[in-house]
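Below is one structure, written out as structure tokens; comments come after it.
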Amino acid sequence: MLQPLANRITLRVPKAPDKIGSIWVPEQAKETYTVAQAEIVAVGPTVRDKRLQPGLMVVTKRFGGFPHDQATTVYTVYENHILAIVDL
-9 MLQPLANRIT LRVPKAPDKI GSIWVPEQAK ETYTVAQAEI VAVGPTVRDK
41 RLQPGLMVVT KRFGGFPHDQ ATTVYTVYEN HILAIVDL
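Those letters in the sequence shown? Residues -9 to 78, by this note's numbering.
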């Protein structure tokens, strides 16, 4: 388990769907489908916004995270890179 330091947040990119409604999503489009949305995995101790907790879906800046794996499905960003909370 990763524990981010200071005001950093560790995120996990969700798997892109195979189908949206009745339209099949091509493999090439799946790479960019989830680029800006992610699930919070862990939160650093000095994150000021207490709404940002593990399990929450958020929208992030498209570039600037620090990837932790080859597939870039887990990465860490600064708190100010979180742009919005996804309310489903």
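Backbone N, C-alpha and C fix where the C-beta goes; we use that ideal spot for every residue, glycine too.
K5 by DSSP, collapsed to three states: which one?
In the structure shown, K5 adopts coil according to DSSP, grouped into three states.
Residue range of the beta strand (DSSP E) that E29 falls in?
Q27 to V33
On the DSSP letters alone, give me the boundaries of the beta strand (DSSP E) that V48 sits inside.
Bounds of the beta strand (DSSP E) holding V48 are M47 to T50.
With a CB to CB cut of under 7 angstroms and the five nearest residues on each side skipped, what residues in its chain are close to P7?
V15
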